[in-house]
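Structure first, then comments.
In the numbering used here, the protein residues as written are 0 to 327.
As structure tokens, then:
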């Protein structure tokens, strides 16, 4: 008797995605694995996103602006497949992505969820190139961990029954994709098997402007306070992203204090050398990763790490103030 093919429900949340949505949808439609349904949920876009999707011939479910987490939950509620695959509207997949995904789940019955990894891509500006290579480094390192308490919502596949048990994504997180940390912590704390797989390669199409990049980092810090308030017990688990960010944020904080007081005590400038050594030590893996990519942008990328740490720190401070004082 022929084994039944697993049906996939592909959920794509969109919001003002006119620059990337066509490539995203067409890459899904051109998949060699055909037993899937495509559910696109638009978060009240005011550009040409819906028109582009409709011209391709795909139905769009519309909702008022509630954020990506809410859009994913709505898409999941409409899913008829056994496996839900969330794909961001700025992501392009390969023709064999779904086939590789099915093989992963079929070969491991205990597997609950799989996240994809960013592959190399060419970008129009240096800040977008940095953001992609930094995220790629984090994802590749996480993929080496056993059952990492983290997911990549750019491409995330999970058994529908388990997604329903968890209750979907937390819609509190609207601005900085912190629902990936929150959901990942909950998933692993319940004992489910979660992996990042190098067999699932995805192309991240999003281009960042400099202000948009800084805004994203600020909200990562700001929204993390909400994650901490909910997941403070589970956050004791090993988490590379949190450790890496924490170390750089501490260095950024020390730079502020040393920089301010060095005007009065010049001997404090010697501490800057110690901070530089500490920075290199904590980021040596990333620096080596960039070297492997054979790019001459190492110094610029190091500057971006410090810069993003300042804005994450700023977000953490204001987020902490709102949580402690205003209880928001």
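All C-beta atoms in this analysis are idealised placements derived from N, C-alpha and C, irrespective of residue type, glycine included.
Look at residue 105 and residue 31 and say whether their C-beta atoms are less than 7 Å apart. no
Residue 17 (DSSP reduced to helix, strand or coil): coil
Please classify residue 128 as buried or exposed, where buried requires at least 16 other C-beta atoms within 10 Å of its C-beta. buried
What does the alpha-carbon distance come out to for the pair residue 43 and residue 251? 38 Å
If distances are taken between C-alpha atoms only, which option among 20, 6 and 244 comes closest to residue 202? 20
DSSP state of residue 156, grouped into three classes? strand
Buried versus exposed call for residue 45 [16 or more other C-beta atoms within 10 Å across all chains shown]: exposed
Checking 7 Å against the spacing of the C-beta atoms, do residue 314 and residue 221 come in under that value? yes
Validate contact between the segment 102-122 and the segment 200-219 using beta carbons, cut 8 Å, 3 pairs: The segment 102-122 is in contact with the segment 200-219.
Less than 7 Å between C-beta atoms, sequence neighbours within five positions excluded: which residues of the same chain meet that for residue 307? 216
Assign residue 262 to one of three DSSP states: helix, strand, or coil. coil
Which residues does DSSP list as the beta-bridge partners of residue 12? 40
Whose C-alpha, out of 196, 260, 85 and 210, is nearest the C-alpha of residue 12? 85
Would you kindly work out how many angstroms separate the C-alpha atoms of residue 81 and residue 283, rounded to a whole number? 42 Å
Between the CA atoms of residue 279 and residue 286 - distance to the nearest angstrom: 8 Å
Please report the distance separating the alpha-carbon of residue 183 from that of residue 272. If I take the Cα positions, the gap works out to 37 Å.
Return the chain-ordered list of same chain residues with a C-beta closer than 6 Å to the C-beta of residue 55, the five sequence neighbours on each side being excluded. 24
May I ask you to verify whether the segment 207-215 touches the segment 151-170, counting CB pairs closer than 8 Å and requiring at least 3? no
Whole angstroms is fine: what's the gap from residue 64's alpha carbon to residue 179's? 20 Å
Does the beta-carbon of residue 268 have 16 or more other beta-carbons within 10 angstroms, so that it is buried, or is it exposed? exposed
Just the Cα atoms here: how many angstroms apart are residue 141 and residue 242? 12 Å
I'd like the list of long-range same chain contacts for residue 123, defined as Cβ closer than 8 Å, with 5 residues on each side in sequence excluded. 206
Nearest candidate by alpha-carbon position, reference residue 309, set 131, 277 and 247: 247
Excluding the 5 residues preceding and the 5 following residue 18 in the sequence, name in chain order all residues of the same chain whose CB lies nearer than 6 Å to its CB. Same-chain partners within the cutoff: there are none.
Counting only C-beta atoms, is residue 299 closer than 7 Å to chain C at any point? Protein chains in the displayed structure number just one, and chain C is not present.
Beta-carbon separation (whole angstroms), residue 34 vs residue 79, contact threshold 8 Å: About 11 Å; that fails the 8 Å criterion.
Using the three-state DSSP reduction, which class does residue 74 fall into: helix, strand or coil? If DSSP states are grouped into helix, strand and coil, residue 74 belongs with the helices.
Is residue 311 helix, strand or coil when you go by DSSP? helix
Helix, strand or coil at residue 122 [DSSP, three-state]: Residue 122 carries a coil assignment under DSSP once its states are collapsed to helix, strand and coil.
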